[in-house]
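Notes for the one structure printed next.
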Amino acid sequence: MPDRADVAINLNWYDNEGNILTGEEPISNMTVDEVLHLFDAPFWNKLYHCWKASRKELKVIQPNIQHQIDTKKFSYFVEIYKIQNSQQT
(Lines of atoms letter the chains of each structure in order from A and count residues from 1; the text may use other names and numbers.)
(Lines give C-alpha, C1' and ligand atoms only; values in the text may rest on other atoms or scores of the structure.)
Protein backbone atom coordinates (compact mmCIF):
# COMPACT_ATOMS: atom_id res chain seq x y z
CA MET A 1 0.00 0.00 0.00
CA PRO A 2 1.40 3.44 -0.89
CA ASP A 3 1.95 5.99 1.86
CA ARG A 4 -0.94 8.41 2.48
CA ALA A 5 1.11 11.19 0.85
CA ASP A 6 1.21 9.17 -2.39
CA VAL A 7 -2.55 8.57 -2.52
CA ALA A 8 -5.52 10.86 -3.23
CA ILE A 9 -8.97 10.18 -1.77
CA ASN A 10 -11.74 12.18 -3.44
CA LEU A 11 -15.50 12.44 -3.37
CA ASN A 12 -16.92 13.13 -6.84
CA TRP A 13 -20.53 14.02 -7.50
CA TYR A 14 -22.53 13.87 -10.69
CA ASP A 15 -25.78 15.59 -11.61
CA ASN A 16 -28.56 12.97 -11.49
CA GLU A 17 -30.29 14.55 -14.50
CA GLY A 18 -27.40 14.64 -16.96
CA ASN A 19 -24.76 12.42 -15.36
CA ILE A 20 -22.28 15.29 -15.65
CA LEU A 21 -19.42 15.65 -13.16
CA THR A 22 -20.53 18.58 -11.03
CA GLY A 23 -17.84 18.68 -8.36
CA GLU A 24 -15.11 16.95 -6.48
CA GLU A 25 -13.48 17.41 -3.11
CA PRO A 26 -10.62 15.69 -1.33
CA ILE A 27 -11.64 13.65 1.71
CA SER A 28 -8.78 14.87 3.85
CA ASN A 29 -9.66 13.50 7.28
CA MET A 30 -10.05 9.85 6.30
CA THR A 31 -7.29 7.34 5.72
CA VAL A 32 -7.13 4.81 2.91
CA ASP A 33 -7.71 2.04 5.46
CA GLU A 34 -10.83 3.79 6.79
CA VAL A 35 -12.27 4.13 3.28
CA LEU A 36 -11.45 0.53 2.41
CA HIS A 37 -13.13 -0.62 5.62
CA LEU A 38 -16.16 1.60 4.95
CA PHE A 39 -16.67 -0.01 1.53
CA ASP A 40 -15.50 -3.44 2.73
CA ALA A 41 -13.15 -3.56 -0.25
CA PRO A 42 -9.48 -4.28 -0.93
CA PHE A 43 -7.24 -1.81 -2.73
CA TRP A 44 -6.79 -4.51 -5.32
CA ASN A 45 -4.63 -2.91 -7.99
CA LYS A 46 -2.62 -0.47 -5.82
CA LEU A 47 -3.22 2.32 -8.38
CA TYR A 48 -6.91 3.17 -8.60
CA HIS A 49 -10.28 2.20 -7.22
CA CYS A 50 -13.75 3.78 -7.31
CA TRP A 51 -16.98 3.02 -5.47
CA LYS A 52 -20.52 4.36 -5.76
CA ALA A 53 -21.30 5.78 -2.33
CA SER A 54 -24.62 4.87 -0.73
CA ARG A 55 -26.35 6.82 2.03
CA LYS A 56 -24.57 4.64 4.60
CA GLU A 57 -21.11 5.61 3.36
CA LEU A 58 -22.10 9.24 2.72
CA LYS A 59 -23.22 9.59 6.35
CA VAL A 60 -19.66 8.70 7.44
CA ILE A 61 -18.02 10.88 4.75
CA GLN A 62 -20.14 14.04 5.31
CA PRO A 63 -18.26 15.25 8.43
CA ASN A 64 -14.99 15.06 6.45
CA ILE A 65 -15.97 17.38 3.57
CA GLN A 66 -17.40 20.87 3.09
CA HIS A 67 -19.84 19.99 0.28
CA GLN A 68 -23.37 19.43 1.58
CA ILE A 69 -24.39 15.99 0.31
CA ASP A 70 -27.73 15.95 -1.53
CA THR A 71 -28.63 12.52 -2.96
CA LYS A 72 -31.77 13.93 -4.61
CA LYS A 73 -29.62 16.08 -6.90
CA PHE A 74 -26.35 14.13 -7.14
CA SER A 75 -24.84 10.66 -7.36
CA TYR A 76 -21.62 10.21 -5.40
CA PHE A 77 -18.46 8.21 -5.96
CA VAL A 78 -15.33 7.82 -3.87
CA GLU A 79 -12.04 7.45 -5.70
CA ILE A 80 -8.69 6.39 -4.35
CA TYR A 81 -5.76 6.65 -6.70
CA LYS A 82 -2.02 6.71 -6.56
CA ILE A 83 -0.55 10.12 -7.33
CA GLN A 84 1.96 9.73 -10.12
CA ASN A 85 5.19 11.64 -9.53
CA SER A 86 5.80 13.83 -12.57
CA GLN A 87 9.44 14.53 -11.70
CA GLN A 88 12.08 12.23 -13.15
CA THR A 89 15.07 11.44 -10.93
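Quick note on the numbering used here: the sequence shown kicks off at 1235 and runs consecutively.
We treat Cβ as the ideally placed atom computed from N, Cα and C, and that holds for glycine.
None of these values were measured; they are calculated from a predicted model.
In this structure the stretch 1252 to 1260 does not lie against the stretch 1284 to 1294, because fewer than three pairs of beta carbons, one per stretch, are closer than 8 angstroms.
Contact between Ile1299 and Val1266 is absent: CB atoms are separated by about 16 angstroms, not below the 8 angstroms threshold. A check of alpha carbon separations from Trp1285 across Val1241, Asp1240, Leu1245 identifies Leu1245 as the nearest. Separation of the CB atoms of Asp1249 and Phe1308 is rounded to 6 angstroms, and the pair is thereby assigned contact status at 8 angstroms.
Taken in chain order, the whole alpha helix (DSSP H) runs of length 4 or more contained in the stretch 1237 to 1308 are 1266 to 1272, 1289 to 1295.
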